[in-house]
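Numbering (this note's numbering), first residue to last: 2 to 200.
All residues carry an ideal CB built from backbone N, CA and C; glycine is no exception.
What follows is a short report on a single structure.
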């Protein structure tokens with residue numbers, strides 16, 4: 002078991018402000034054994050991992066150091082900002098998409114529908130590329146291999162055109178200051194500059 006497991010057990014206990022004795026009682030182990038788990042001296046079984054995950058309300062993957070996401074998918078839908086929103090990870094991208102969808106749905110009209118189809122055709126484009134690479138089976142598609150990527154790009158552009166400034170209504174409010182948006186924009190622009198500097 003990784004040393005990450007012990008340090009996460011310790012930090013979660015300290016975050017809660019509880020003693021080893023209290024946690025040991027709640028999890029049905031001795032205080033000495035819990036201390037050994039926290040220090041990485043002993044390895045625990047799956048039953049303890051399950052109990053500790055439930056007790057601290059985190060995923061087993063988080064506890065084992067396999068993920069930075071404490072609560073699995075529920076973090077994606079968290080309305081408040083998370084510390085992980087500052088990092089460019091897949092979760093940050095998902096959260097930005099979810100937040101944008103929520104904002105556009107609240108504005109009403111065709112905006113939410115356009116967001117949905119833009120994202121769908123962006124995913125379709127990636128699937129078309131995976132098909133070209135032989136990762137995704139041909140029989141999943143009805144369009145030819147050549148047509149898929151080009152048509153998906155055209156469709157994504159069609160739906161993104163609904164966000165042009167001149168088409169937005171005058172009463173439309175600006176998008177709120179949301180950290181995941183800033184993180185995504187900043188990192189995408191760094192990537193663009195990095196690639197352009199190599200050309």
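Distance between beta carbons of residue j and residue i, contact taken as under 8 Å
| i | j | result |
| --- | --- | --- |
| residue 44 | residue 180 | No, residue 44 and residue 180 are not in contact; Cβ-Cβ is about 37 Å, not under 8 Å. |
| residue 157 | residue 126 | 7 Å |
| residue 115 | residue 160 | 5 Å |
| residue 94 | residue 185 | 6 Å |
| residue 25 | residue 35 | 4 Å |
| residue 91 | residue 188 | So it is not a contact: roughly 12 Å between Cβ atoms. |
Inter-residue Cα distance where the pair is residue i and residue j
| i | j | result |
| --- | --- | --- |
| residue 177 | residue 111 | 20 Å |
| residue 28 | residue 55 | 10 Å |
| residue 46 | residue 65 | 12 Å |
| residue 51 | residue 117 | 36 Å |
| residue 16 | residue 53 | 14 Å |
| residue 194 | residue 20 | 50 Å |
| residue 199 | residue 191 | 13 Å |
| residue 124 | residue 142 | 13 Å |
| residue 22 | residue 30 | 9 Å |
| residue 120 | residue 138 | 21 Å |
| residue 32 | residue 18 | 16 Å |
| residue 96 | residue 49 | 31 Å |
| residue 164 | residue 152 | 20 Å |
| residue 105 | residue 5 | 40 Å |
| residue 196 | residue 38 | 45 Å |
| residue 103 | residue 133 | 33 Å |
| residue 1 | residue 122 | Only positions 2 to 200 of the chain appear in this structure, which leaves residue 1 out of reach. |
| residue 145 | residue 135 | 14 Å |
| residue 162 | residue 148 | 21 Å |
8 Å CB neighbourhood of residue i in its chain, flanking five on each side removed
| i | result |
| --- | --- |
| residue 130 | 150 |
| residue 40 | 7 |
| residue 100 | 179, 181, 182 |
Neighbourhood of residue i by C-beta distance below 6 Å, restricted to the same chain and skipping five residues each side
| i | result |
| --- | --- |
| residue 82 | 180 |
| residue 71 | 59, 63 |
| residue 13 | 57 |
| residue 167 | Below a pLDDT of 50, predicted positions are generally treated as unreliable, and residue 167, at 40, falls in that range; no measurement from the model is reported. |
Neighbourhood of residue i by C-beta distance below 7 Å, restricted to the same chain and skipping five residues each side
| i | result |
| --- | --- |
| residue 154 | 126 |
| residue 98 | 120 |
| residue 1 | Residue 1 lies beyond the range of the chain shown here (2 to 200); nothing can be said about it. |
| residue 171 | The predicted position of residue 171 is uncertain, since its pLDDT is 47 and thus under 50; a value taken from the coordinates is nonetheless stated next. Correct list: empty, nothing qualifies. |
> Along the chain, which unbroken stretches of the beta strand (DSSP E) at least 3 residues long are found entirely within the region 79 to 132?
Replying inline: Runs of the beta strand (DSSP E) inside the region 79 to 132: none found.
>> Report the start-end ranges of each alpha helix (DSSP H) in the region 27 to 70 that is 4 residues or longer and not cut off at the edges.
In response: Secondary structure in the region 27 to 70: the alpha helix (DSSP H) runs of 4 residues or longer, each lying completely within the stretch, are 32 to 40, 47 to 57, 61 to 64 in chain order.
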